[in-house]
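Chains as they are written, first to last, in the working numbering: chain R, 3 to 53; chain D, 18 to 688.
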């Protein structure tokens, strides 16, 4: 993996965790041509992790 | 995924329950023999039906075996289905798609579908049998439907992969199998989510912020449009190049122009090579200027410093006899070394204080010695810099001159072809010239779009900074801003990962495809994945350079086979290497091929048969007896772990219904 440059107020570890959570959500719907609800899923993940 | 067994139940002409067991690894070739029309394609369709509920056969609605329907009484149901046992990511799965058909009336073999199920069971690590809740999703994940033509491929049409309109299919296959798709999608979705958070910031933020965000949105739209322009123009360039390659091929085959065309091939190759040399030269110049380009600008200032130090030396100020610290200590002590008191305002005090004018602190002297030494070094570097840059510029001039001459040569060839050849050939040449003009104009447009993209990216960067400053407004806007920033950072990171992997993957696929292709084709031909994911065939000209050529059906088929086998091989390689994240794992896939040797001459048949089994852990091929030629059998017989034969009985020959029975072929079979 490449080095991460997390945004202000977030550690590299938190950033990686967020990244992996988002990619896991993508992976679950990878088989769908149009992954229904994926934007909502990602929005909720970020809302949960970034307060 | 490794297939273990396929079981058909009253599926089309396969009456009753019939089973095929597959092998993998050491003797990894599974052969299904059958004459034309015996059911080979139906067997391949059984797999696509199981995975995607889709048939590409005539009368797709007639799924049930006619003989099974005839044996059922009116009102009775007949079960039709396909069951596949396979291994995937360390688990043994059993997928089963079943349908129930009720026979309507005695005079008709048509059945009404009264039920249907899809189940996917697996055995977990503790040996317990479990069932997947979403079997269709899991199957789609294992072999995505958009890749079915790659995984379940029909050899008679597979050469179409080299057609221009297959670029997207190739790109999709590479991205999907090599794990790039998740990043591409991730970037797109994170970008959408970022916009949502930015909208929230706008709702809770100031007017200025709203304006900045709105401008950023416009810039992003413009950026996306220019990037799409480049993709579209590149496609047009590929299309024009393909047409030029076809014309060149015709000119190579025309007696009057063959020599001119050969000369043109050579010059085209030389131009491509010169383009590479020129780009390398420019890069070297840029590197030299970036690393030592400040030296000429520093020289005047350094020379001034040198002159100043010389002057101080001549005046005896460097080195100095008296150190500043010594003078300061005497003044602090209030007594001279001769014993006189040094009272402030007294004559002796002022005299000692006056020494400070000529005294130095030692640091200055050391610095002066150091600077003197450095001046010598920089002076040397200055000369080296000019020499190196002069040399590079001289080389560039030589390269440009060669380039210009090669272009003139091409232009002369065009004139000669147009003048000396018959009218139809001259027309071809004219068309060729137009296409070359189109390509030049497309490339100019790409350059202009690239410049515009650079400008827009710089503007976007500035806007992001301005937005950050304006965001510190309300608490809600602040949280939304932090989330937008997180989404933006994630999107950028994912995009950077994508770009890093995409180029590596394209290069690796390109190497592998070419390696496979050249192992099969013994001519001076090469397979190449273009930057836009076209699959093209190149020919050696002039010993070192390669130009695209129009290809025969056989060569196209070999290129397509090489591409698919290479992807399967690279996915396996990546899977075994345990890539850096769990999302780029690659995977194990079989090569399943219906009539893969159709358009190949015997030499290619032998080489394909030798090469492909080395690239996949499992090969399943469907062949007619004529396709199972001496060349193919000679290579594959010893490694064919299973061989089956499809015994077809025509409706007129048997009991009035067409049927196919699967029997074990003894030759080379493993019990």
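All C-beta atoms in this analysis are idealised placements derived from N, C-alpha and C, irrespective of residue type, glycine included.
This structure is a prediction, so every number in the text was calculated from the model and none was measured.
I want to verify the contact list: residues of chain D whose CB lies under 7 Å from the CB of residue i, in sequence order.
i, result
"residue 52 of chain R", "499, 500 and 503"
Around the Cβ of residue i, are there at least 16 other Cβ atoms within 10 angstroms (buried) or fewer (exposed)?
i, result
"residue 306 of chain D", "exposed"
"residue 39 of chain D", "buried"
"residue 308 of chain D", "exposed"
"residue 257 of chain D", "buried"
"residue 665 of chain D", "buried"
"residue 566 of chain D", "buried"
"residue 273 of chain D", "exposed"
"residue 607 of chain D", "buried"
"residue 91 of chain D", "exposed"
"residue 170 of chain D", "buried"
"residue 597 of chain D", "In this prediction, residue 597 of chain D scores a pLDDT of 49, lower than 50, which makes its location untrustworthy; the coordinate-derived value is nonetheless stated afterwards. Per the 10 Å Cβ criterion, exposed."
"residue 638 of chain D", "buried"
"residue 586 of chain D", "buried"
"residue 168 of chain D", "buried"
"residue 53 of chain D", "exposed"
"residue 47 of chain R", "buried"
"residue 123 of chain D", "exposed"
"residue 332 of chain D", "exposed"
"residue 62 of chain D", "buried"
Name the two residues that bound the continuous alpha helix (DSSP H) containing residue i.
i, result
"residue 25 of chain R", "14 to 30"
"residue 459 of chain D", "440 to 487"
"residue 364 of chain D", "364 to 372"
"residue 316 of chain D", "312 to 331"
"residue 547 of chain D", "First-last for residue 547 of chain D: undefined, no H or E at that position."
"residue 187 of chain D", "184 to 194"
"residue 286 of chain D", "275 to 309"
"residue 580 of chain D", "570 to 594"
Report the neighbours of residue i on chain R: residues whose CB is nearer than 9 Å to its CB, in chain order.
i, result
"residue 470 of chain D", "Result: empty, since nearest Cβ-Cβ is about 22 Å, beyond 9 Å."
"residue 199 of chain D", "25, 28, 29 and 32"
Identify the contact partners of residue i in chain D, using a Cβ-Cβ distance below 8 Å as the criterion.
i, result
"residue 11 of chain R", "499"
"residue 49 of chain R", "500"
Please compile the residues from chain R whose C-beta is within a distance smaller than 7 Å of the C-beta of residue i.
i, result
"residue 187 of chain D", "Those within 7 Å of residue 187 of chain D in chain R number zero; the least Cβ separation is about 18 Å."
"residue 264 of chain D", "Neighbours of residue 264 of chain D on chain R: none; closest Cβ ~38 Å, over 7 Å."
Is residue i close to the ligand MN? I mean its beta-carbon at under 6 Å from any heavy atom of the ligand.
i, result
"residue 96 of chain D", "The ligand MN is not part of this structure, which contains no ligands at all."
Residue i touches chain D at which residues, Cβ-Cβ below 9 Å?
i, result
"residue 38 of chain R", "Here the premise fails: no neighbours, minimum Cβ distance about 12 Å."
"residue 15 of chain R", "Residues of chain D passing the Cβ test: none, with the nearest at roughly 14 Å."
If you follow the beta strand (DSSP E) that residue i is in, where does it begin and where does it stop?
i, result
"residue 46 of chain D", "46 to 50"
"residue 621 of chain D", "Residue 621 of chain D -> not in any beta strand (DSSP E); alpha helix (DSSP H) instead, spanning 619 to 628."
"residue 104 of chain D", "94 to 105"
"residue 79 of chain D", "First-last for residue 79 of chain D: undefined, no H or E at that position."
"residue 530 of chain D", "Not the beta strand (DSSP E): residue 530 of chain D falls in the alpha helix (DSSP H), residues 492 to 537."
"residue 679 of chain D", "676 to 681"
"residue 669 of chain D", "Counting along the chain, residue 669 of chain D falls outside any beta strand (DSSP E), and DSSP gives it neither H nor E."
"residue 556 of chain D", "552 to 558"
"residue 171 of chain D", "169 to 171"
"residue 89 of chain D", "No beta strand (DSSP E) contains residue 89 of chain D, which DSSP labels as neither H nor E."
"residue 62 of chain D", "Not the beta strand (DSSP E): residue 62 of chain D falls in the alpha helix (DSSP H), residues 57 to 69."
"residue 644 of chain D", "It is not in any beta strand (DSSP E) - residue 644 of chain D carries neither H nor E in the DSSP assignment."
"residue 31 of chain D", "31 to 38"
Starting from the beta carbon of residue i, find every residue of chain R whose beta carbon is closer than 8 Å, and list them in chain order.
i, result
"residue 484 of chain D", "Chain R residues near residue 484 of chain D: none, gap ~13 Å exceeds 8 Å."
Using a beta-carbon distance cut-off of less than 7 Å, what residues from the region 203 to 223 of chain D approach chain R?
203, 206, 207, 209, 210 and 213: these are the residues of the region 203 to 223 of chain D whose beta carbon lies less than 7 Å from some beta carbon of chain R, given in chain order.
Counting beta carbon pairs with one atom in the region 225 to 232 of chain D and one in the region 524 to 533 of chain D, are three or more of them shorter than 8 Å?
No, the region 524 to 533 of chain D does not touch the region 225 to 232 of chain D.
Looking at C-beta atoms only, is the number of pairs between the region 132 to 145 of chain D and the region 161 to 168 of chain D that lie closer than 8 Å three or more?
Contact between the region 132 to 145 of chain D and the region 161 to 168 of chain D is absent: fewer than 3 CB-CB pairs across the two stretches fall below 8 Å.
Going along the chain, which residues of the region 504 to 518 of chain D sit with their C-beta nearer than 8 Å to a C-beta in chain R?
Of all residues in the region 504 to 518 of chain D, 504, 505, 506, 507, 510, 511, 513, 514 and 517 have a Cβ within less than 8 Å of some Cβ in chain R.
If you pair each beta-carbon of the region 512 to 529 of chain D with each one of the region 248 to 257 of chain D, do three or more pairs fall below 8 Å?
Output reads no: the region 248 to 257 of chain D does not touch the region 512 to 529 of chain D.
The region 10 to 20 of chain R touching the region 496 to 507 of chain D, judged by at least three CB pairs closer than 8 Å
Counting Cβ pairs under 8 Å, three or more are found: they touch.
Pull out every residue of the region 136 to 162 of chain D whose Cβ sits closer than 7 Å to any Cβ of chain R, in chain order.
Residues passing the 7 Å Cβ filter: 154, 157, 158 and 161.
So does the region 431 to 440 of chain D actually touch the region 323 to 332 of chain D, counting three or more Cβ pairs closer than 8 Å?
Short answer: they don't touch.
Do the region 312 to 320 of chain D and the region 453 to 473 of chain D meet, that is, are 3 or more Cβ pairs less than 8 Å apart?
Counting Cβ pairs under 8 Å, fewer than three are found: no touch.
Contact between the region 71 to 83 of chain D and the region 570 to 585 of chain D is defined here as three or more beta-carbon pairs at a separation below 8 Å; is this criterion met?
Here the region 71 to 83 of chain D makes no contact with the region 570 to 585 of chain D; the two share fewer than three CB pairs at distances below 8 Å.
Check whether the region 192 to 208 of chain D touches the region 467 to 477 of chain D, counting contact only when three or more Cβ pairs, one atom from each stretch, lie closer than 8 Å.
Inter-segment contact for the region 192 to 208 of chain D and the region 467 to 477 of chain D is absent: fewer than three beta-carbon pairs are separated by less than 8 Å.
Report yes or no: do three or more beta-carbon pairs, one from the region 23 to 34 of chain R and one from the region 643 to 651 of chain D, lie closer than 8 Å?
The region 23 to 34 of chain R, when compared against the region 643 to 651 of chain D, does not touch it at the 8 Å Cβ threshold.
The region 89 to 109 of chain D contacting the region 20 to 28 of chain D, beta-carbon criterion three pairs below 8 Å:
Taking a cut-off of 8 Å on C-beta distances, the region 89 to 109 of chain D touches the region 20 to 28 of chain D, as three or more cross pairs fall below it.
Would you check if the region 288 to 301 of chain D and the region 404 to 416 of chain D touch, i.e. whether three or more CB-CB distances between them fall below 8 Å?
Yes, the region 404 to 416 of chain D is in contact with the region 288 to 301 of chain D.
Does the region 650 to 663 of chain D come close enough to the region 44 to 51 of chain D that 3 or more CB-CB pairs lie under 8 Å?
The region 44 to 51 of chain D vs the region 650 to 663 of chain D: in contact.
Along the region 228 to 256 of chain D, what residues have a CB closer than 8 Å to any CB found in chain R?
Residues: none.
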